[in-house]
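> Top to bottom, those sequences are chains G and V.
Heads up: the first sequence begins at 1 in full-length UniProt numbering, then just goes up one per residue.
Heads up: the second sequence begins at 1 in full-length UniProt numbering, then just goes up one per residue.
Cβ coordinates follow ideal geometry from the N, Cα and C atoms, glycine included.
This is the structure, below, for whatever I ask next.
2 protein chains.
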Amino acid sequence: MGEFDLIDRFFHRPARRAVVGVGDDCAVLQPTAGRQLTISTDLLVEGRHFLPTVDPYRLGHKALAVNLSDLAACGADPHSFLLSLSLPESKARPSFLKPFSQGMLALADLHGIELIGGDTTSGPLTIGVTVLGEVPTGQALLRSGAQEGDELWVSGTPGEARLALEVFRGKLSLPESGFNTARLAMEMPQPRVALGQALRGVATAAIDISDGLIGDLNHIMAQSDVGAIIELARMPRTPVLTVQTVNVQRLCQLAGGDDYELLFTAPPDRHDVVLAIGRRLGLKLTVIGRMVSAEEGVRVRDEFGHPIDLGDYGGFDHFKAE
Amino acid sequence: MGEFDLIDRFFHRPARRAVVGVGDDCAVLQPTAGRQLTISTDLLVEGRHFLPTVDPYRLGHKALAVNLSDLAACGADPHSFLLSLSLPESKARPSFLKPFSQGMLALADLHGIELIGGDTTSGPLTIGVTVLGEVPTGQALLRSGAQEGDELWVSGTPGEARLALEVFRGKLSLPESGFNTARLAMEMPQPRVALGQALRGVATAAIDISDGLIGDLNHIMAQSDVGAIIELARMPRTPVLTVQTVNVQRLCQLAGGDDYELLFTAPPDRHDVVLAIGRRLGLKLTVIGRMVSAEEGVRVRDEFGHPIDLGDYGGFDHFKAE
């Protein structure tokens, strides 16, 4: 059985939403009147975005999750996706493709989306996903709408994925239960799709934290022409992070990426509306700072109100050589 | 200058058609009333879809061309595209990215489309392109519409790209001018977009020849539930192909892929309409056979009307080890 038959065996399902799905030169979609199309693509490379030892089920989940996270950051309703796979011979087998497809399709089912096309080739393990979504016309959340005076919010407890990465790098050790939690954040991120949808018309700007909080905040600042002040004491922390050294805590919170929480801004008069959204979704939403004028740039203040040096926390470096 | 800045430097242009283009979590597009969206993706891997020695300008051209070819096969009007790049350090440099982007953007300009998003990472050289197009609702050319009695047409002179590949493989030598022509077919394929558009409402089924004529014909046959008879004597040939051995000619014509001509079917009473399209576009369009019942399968007859053995010509194998 060749790689194409295997892909077909594990991934093929009849099209439900697409006019034409997998199996023609193009997929054909019927746009919905009054809605705009949102589209994003991410490429995951072995050794860079995931470790060669990662469980295939989790890898399938994550490859789709990081793309759904981009839709979430735009407040879009997920619609469908395409999958490009470059597979070495050792992976073009049911032992890899079966759990990989199960992880990916379980997440697809959770969000009611379907695979509408893709490409398969042999080569180094590389996973390309393109996701499509829809938003009511003009309601996409962008990076460019933040205003001076807006509150800066974050979902969940970012930093866990980076903590796991530091363990994999041999720089840190954690008790087993703490490591398992952190590893789950890194390997099975939950895209905040429902949050993004709920924030349409409420948030002024949003981005998903893929490259690190400060790095991603920089994108909002640059595109909205604002600055930001973050109060470190307000940043939510899980117990396992709380017991780390101050340096590790800051690294994980400020430069940690890859756990795909949403960072967003909203006017102070929408504070209670945002809190209510968090309660409804069972998701912790925390104000960690506020937006200031562009001239003020970005400042992070420690527990005593002193600004800390952000030199080390500019962005997330995945598995880049250090 | 990092890889991201380089990408920005060589690829960034202001969005003209997209509501939101490069630089947010998603691109946002406004669908056109009365039209459907077509989408396709292809992943090109070094050593598999292109040689490491290929000229970067031509590589940029080809990576987009093979995707536009999928739109052409659906009769779609190209709209926009996304680019995912995995780059080794040796390629994350202006010496590669400048000509690569020039080749890609020159073809994009030719078809009036714009880059609306993508992803860049370090890793083995891998190029993922996703193209979007539009067709009037219900008018996409599919693989599934061929009817018994339809004529089988091909554009251009397929086989040249395979001829060049055989030279690169050291299995064949060609005079310099012949090699240059064949190499151009392989490295700078011209997607038949205008032909696909003109065939809307005329052709009953279409596919682009990426994997070899017989292999791609098999897709039309399977999805339309028909068979086909091809007359080898009718197949168009360039002079350089004509002087090859019979075996090489058949290999290139029947199993040669990668030159992205269109293979399509149309009712005999549209024969003159198709010829007129070819004249208008300055593109050779040739009837090479006809569609028969599914029970008859596929047969290729030689100059004397004898069926030839298709065992060797089932599909195109790119650079797979032989």
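Compile a chain-ordered list of the residues in the stretch 24 to 43 of chain V whose CB is closer than 7 Å to at least one CB of chain G.
Listed in sequence order: D24, D25, C26, A27, V28, L29, Q30, P31, Q36, L37, T38, I39, S40, T41, D42 and L43.
> According to the neighbour-count rule (16 or more other Cβ atoms, all chains shown, within 10 Å of its Cβ), is K62 (chain G) buried or exposed?
K62 (chain G) should be labelled buried.
> Express the C-alpha separation of T121 (chain V) and residue 340 (chain G) in angstroms, rounding to a whole number.
With chain G covering only 1 through 322, there is no way to say anything about residue 340 (chain G).
> At a Cβ cut of 7 Å, what residues of the stretch 82 to 115 of chain G count as close to chain V, listed as they run along the chain?
If the cut-off is 7 Å between Cβ atoms, the stretch 82 to 115 of chain G has L82, S84 and S86 near chain V.
> Buried or exposed for A321 (chain G), please, with buried defined as at least 16 other CB atoms from any protein chain shown within 10 angstroms of its CB.
Bear in mind that the predicted position of A321 (chain G) carries a pLDDT of just 31, short of 50, making it too unreliable to give a figure here.
> Around the Cβ of D5 (chain G), are there at least 16 other Cβ atoms within 10 angstroms (buried) or fewer (exposed)?
Burial call: exposed.
> By the criterion of Cβ-Cβ separation under 7 Å, what are the contact partners of D208 (chain G) in chain V?
Simply D25.
> Going by C-alpha distance, which of V:A33, V:T38 and V:T32 is nearest D24 (chain G)?
D24 (chain G) has its Cα closest to that of V:T38, out of V:A33, V:T38 and V:T32.
> For L51 (chain G), report the span of its beta strand (DSSP E) as first-last.
First-last for L51 (chain G): undefined, no H or E at that position.
> Skipping 5 residues on each side, what residues in its chain have a beta carbon closer than 6 Å to that of E166 (chain V)?
L172.
> Counting along the chain, where does the alpha helix (DSSP H) carrying R237 (chain G) start and finish?
No alpha helix (DSSP H) holds R237 (chain G); DSSP gives it neither H nor E.
> Assign N67 (chain V) to buried or exposed, taking buried as 16 or more other Cβ atoms, counted over all protein chains shown, within 10 Å of its Cβ.
So N67 (chain V) counts as buried.
> Closest Cβ-Cβ distance between S122 (chain G) and chain V: below 8 Å?
Yes, contact with chain V.
> I'd like to know whether the C-beta atoms of S224 (chain G) and A205 (chain G) end up nearer to each other than 8 Å.
Closer than 8 Å, so yes.
> In this structure, does DSSP put G103 (chain G) in helix, strand or coil?
Helix at G103 (chain G).
> In chain G, what lies closer than 7 Å to D117 (chain V) by C-beta?
The amino acid occupying residue 117 (chain V) in the given sequence is Gly; Asp does not appear at that position. Here the neighbours are I39, S40 and T41.
> Note down, in chain order, every chain G residue with its Cβ under 7 Å from the Cβ of T130 (chain V).
Those are T41, L82 and T130, listed as they occur along chain G.
> Between which two residues does the alpha helix (DSSP H) holding E134 (chain G) run?
From DSSP, E134 (chain G) is part of no alpha helix (DSSP H) but of the beta strand (DSSP E) over T126 to P136.
> Between L141 (chain G) and G215 (chain G), how many whole angstroms is the CB-CB distance? I'm expecting something under 8 Å.
Not confirmed; about 19 Å, so no contact.
> Which ranges would you report for the beta strand (DSSP E) in the stretch 1 to 30 of chain V if only whole runs of at least 3 residues count?
If we require 3 residues or more, the beta strand (DSSP E) runs fully inside the stretch 1 to 30 of chain V come out as 27 to 29.
> Tell me the DSSP secondary structure of M291 (chain G) in three-state form.
M291 (chain G) falls in the strand class under three-state DSSP.
> Rounded to a whole number of angstroms, what is the C-alpha to C-alpha distance between D317 (chain V) and F11 (chain V)?
Low per-residue confidence applies at D317 (chain V): pLDDT is 44, beneath 50, and the placement is therefore not dependable, though the value from the model is reported in the following sentence. Cα to Cα, D317 (chain V) sits roughly 32 Å from F11 (chain V).
> Determine the closest residue to A76 (chain G) out of G:N180, G:P52, G:V54 and G:T137, with distance taken between C-alpha atoms.
Among G:N180, G:P52, G:V54 and G:T137, the Cα nearest to that of A76 (chain G) belongs to G:T137.
> If the cut is a Cβ gap below 8 Å, which residues of chain V does A76 (chain G) touch?
In chain order: C26.
> When the distance is taken between beta carbons, is R192 (chain G) closer than 8 Å to E89 (chain G)?
No, the Cβ-Cβ distance between E89 (chain G) and R192 (chain G) is not below 8 Å.
> Which complete beta strand (DSSP E) runs does the UniProt domain "PurM-like C-terminal" (147 to 297) of chain G hold, if anything under 3 residues is left out?
Correct list: 151 to 155, 205 to 208, 226 to 231, 262 to 266 and 285 to 293.
> Report the CB separation of I116 (chain V) from A233 (chain V) in whole angstroms; it is logged as a contact under 8 Å.
Going by Cβ atoms, the distance from I116 (chain V) to A233 (chain V) rounds to 46 Å, so no, they are not a contact pair.
> Are the CB atoms of T265 (chain G) and I220 (chain G) within a distance shorter than 8 Å?
Yes. Within cutoff.
> Exposed or buried, which one is T245 (chain V) when buried takes at least 16 other CB atoms within 10 Å?
Looking at its Cβ environment, which holds fewer than 16 other Cβ atoms inside 10 Å, T245 (chain V) is exposed.
> May I ask you to verify whether the stretch 120 to 134 of chain V touches the stretch 38 to 58 of chain G, counting CB pairs closer than 8 Å and requiring at least 3?
As far as the Cβ criterion goes, the stretch 120 to 134 of chain V touches the stretch 38 to 58 of chain G, which means the pair count is three or higher.
> How would you call R143 (chain V), buried or exposed, if buried means at least 16 neighbouring beta carbons within 10 angstroms?
R143 (chain V) comes out buried.
> Would you say A203 (chain G) reaches chain V, if we count a Cβ-Cβ gap shorter than 8 Å as a contact?
No, its Cβ sits nowhere closer than 8 Å to a Cβ of chain V.
> Please list the partners that L71 (chain V) has in chain G, where partner means a Cβ-to-Cβ separation under 7 Å.
Chain G residues near L71 (chain V): C26.
> Closer than 8 Å is the cut-off here; do at least three beta carbon pairs connect the stretch 237 to 253 of chain G with the stretch 154 to 168 of chain G?
Touching, yes.
> Which bits of chain V does V193 (chain G) rub up against, with CB to CB less than 8 Å?
Going along chain V, no residue has its Cβ under 8 Å from V193 (chain G), so there is no contact; the nearest lies around 12 Å.
> Could you give the C-beta distance for M291 (chain V) and G128 (chain V), rounded to a whole number, given that I count them as a contact under 8 Å?
That belief does not hold up - the Cβ atoms of M291 (chain V) and G128 (chain V) are roughly 34 Å apart, past 8 Å.
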